[in-house]
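Numbering (my numbering), first residue to last: 233 to 440.
Working notes for the structure below.
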């Protein structure tokens, strides 16, 4: 038998050979293969067809192949040996993690200022070791622009409180960390109303 390549692709090695004229009443053909020349630790029976595709050869190694005809437990002399180099599959890259989007507490809405004339808004993020940049002037923060909030340690999360004056303010914040994809930008609009001034209790006029 003369063995030769027909096609080598990502789906496997397709080979074909000349039918065994000396053994017309065979049960079929058997392809032996392995990673050492002359030593074949795997095989596949392909029936009476004279083509076969081997798809489970060892990746990243040179593989060796022969074909024999068989009938029952008897096998013919092997074909010539052929070799192929099976490429190492390109690993699928691991996607980078994404930093969590910062959160504001309380959430966007209308609020009354405290007696100090402002409304405190807590800004935090759930990603350990990340940093936050935020703005209150309507611009979109980046990793280099905006007020910085850093995690106290590499094993903690960042948080800080900002004060909103009476009026309308939009807070925007983004979280970032080395090795991570930046978070989406959180944008929340607030309307802060002044706190009501209590009406003083009149002092009673003393009776003469």
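Cβ atoms here follow ideal geometry from the backbone N, Cα and C, with glycine treated the same way.
Since we're looking at a predicted model, the values are computed, not measured.
May I have the straight-line CA-CA distance separating residue i from residue j, to the nearest angstrom?
| i | j | result |
| --- | --- | --- |
| residue 433 | residue 333 | 48 Å |
| residue 310 | residue 292 | 25 Å |
| residue 360 | residue 331 | 9 Å |
| residue 336 | residue 436 | 47 Å |
| residue 299 | residue 322 | 30 Å |
| residue 377 | residue 428 | 36 Å |
| residue 267 | residue 327 | 33 Å |
| residue 415 | residue 288 | 42 Å |
| residue 258 | residue 270 | 24 Å |
| residue 422 | residue 402 | 6 Å |
| residue 281 | residue 412 | 53 Å |
| residue 284 | residue 275 | 11 Å |
Between the options, which has its C-alpha nearest residue i's C-alpha?
| i | options | result |
| --- | --- | --- |
| residue 366 | 342, 405, 376 | 405 |
| residue 408 | 419, 394, 390 | 390 |
| residue 214 | 274, 271, 398 | Outside the displayed span of the chain (233 to 440) sits residue 214, for which this structure offers no information. |
| residue 251 | 245, 244, 279 | 279 |
| residue 384 | 392, 275, 378 | 392 |
| residue 357 | 382, 422, 312 | 382 |
| residue 362 | 420, 329, 315, 249 | 329 |
List the residues that DSSP assigns as beta-bridge partners of residue i.
| i | result |
| --- | --- |
| residue 274 | 265 |
| residue 280 | BP columns for residue 280 are empty, so no partner. |
| residue 294 | 317 |
| residue 285 | 246 |
| residue 471 | What the structure shows of the chain is the stretch from 233 to 440, and residue 471 is not part of that stretch, so it cannot be assessed. |
| residue 309 | In DSSP, residue 309 forms no bridge with anything. |
| residue 304 | According to DSSP, which records beta bridges pairwise, residue 304 is partnered with nothing at all. |
#### Entry: Given 8 Å, three or more beta-carbon pairs between the segment 369–379 and the segment 341–349
no
### Query
In chain order, which beta strand (DSSP E) runs of at least 3 residues are fully inside the segment 319–397?
335–337, 341–344, 350–356, 363–367, 379–382, 391–397
### Touching by the beta-carbon criterion (3+ pairs, under 8 Å), the segment 294–314 and the segment 260–272
yes
### Query
Which residue spans inside the segment 404–429 form an unbroken beta strand (DSSP E) run of at least 3?
Taking only runs of at least 3 residues, the beta strand (DSSP E) segments lying wholly in the segment 404–429 are 418–425.
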